[in-house]
Each structure stands twice: as structure tokens, then as C-alpha cells.
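Reading through the C-alpha cells given below for one structure.
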Amino acid sequence: MNYEMDMQLNDIAVIRLYGELDHHEAEKIRSHISKTILQGNLNTIIWNLERLNFMDSSGIGLILGRMRELSAVNGQTIILNPSNTMKKIFQFSGLASYMMDGTEADAILHARGIVNG
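Here it is as C-alpha cells:
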């Protein structure tokens with residue numbers, strides 16, 4: 001499992017998840033992202049799941065937990081390009097409204113309130 005975090009103008013983090021996300025990997029990612037949120041400038045996380053092959057319940061917990069942390073600063077979450085299986089899991093978890101398909105640039109514009117098309 002690999003991941004990358006790319007900061008966009010200090011207030012948006014694009015997190016790209018690759019491979020498989022299990023409990024062990026989720027803990028490592030959680031620690032890093034939570035530190036970034038606590039530093040104070042971050043208000044949006046875009047989770048790009050396009051190249052994520054597998055995620056167990058700890059992956060849902062990872063995303064939900066960061067959503068809670070961001071809600072304290074009126075932040076927002078976008079779940080970008082989940083697989084069809086992951087879409088079903090997110091829908092059952094009440095997260096359907098946070099999902100979108102498209103490019104990272106589309107998601108950044110959406111986060112900034114700029115809607116195309």
C-alpha cells in the first residue's frame with residue numbers, strides 16, 4: 001500500500017491511495033493526516049481512490065475520522081473515483097453525497113465552489 005499527500009495552496013490536501021488499505025496502513029495514514037489537520041490551515045481533503053484495489057472497514061473509519069476532524073473547522077471531504085464496490089460501501093455508510101467521479105482538478109474546483117458544466 002502506498003499513498004501520496006499533495007497540498008494545494010495549503011488548504012486542500014489531495015490524498016492518493018494505491019493498492020490495498022488495511023488496518024495497519026490506515027493507522028500510518030491517519031497519524032500523518034491528523035497532524036496536518038491539527039496544524040490548522042487544511043479545510044478540504046480529496047481522497048482519490050482511483051488506484052485503490054481493496055479497502056476494509058478501517059479504510060471507512062480512516063475517512064470518517066478525518067471528516068469529523070475537518071468538521072471542527074467547517075472543512076469538507078470529497079471521495080473521488082471510488083470503484084463500484086466502494087461506492088456501494090460508501091452509500092451504505094451514508095457517504096453518497098461526498099462521492100464524485102472526475103479529475104483531481106475537477107474536485108479542487110468543486111471544493112472551491114466553482115462548478116463546471
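Each residue of the sequence shown is one higher than the last, beginning at 1 in full-length UniProt numbering. Virtual Cβ for every residue (Gly too), placed ideally from N, Cα, C. None of these values were measured; they are calculated from a predicted model.
Return the CA-CA distance between L62 and S93, expressed in angstroms with no decimal places. 13 angstroms
Distance CB(I78)-CB(H32) smaller than 9 angstroms:
Cβ distance not < 9 angstroms, so I78 and H32 don't count as in contact.
Handout entry: Contact set for I29: own chain, Cβ-Cβ below 7 angstroms, skip 5 residues either direction
Key = Y3, L62
Can you list, in chain order, the residues of its chain with a C-beta nearer than 6 angstroms to that of M5? Leave out the 5 residues immediately preceding and following it. A13, I15
Fill in: R38, DSSP secondary structure in three states
Checking the sequence, you will find Leu at residue 38 rather than Arg. DSSP places L38 in helix when its eight states are reduced to three.
* In or out: I114 buried (at least 16 other Cβ within 10 Å) or exposed? -> exposed
Please report the residue range of the beta strand (DSSP E) in which G19 lies. 12-21
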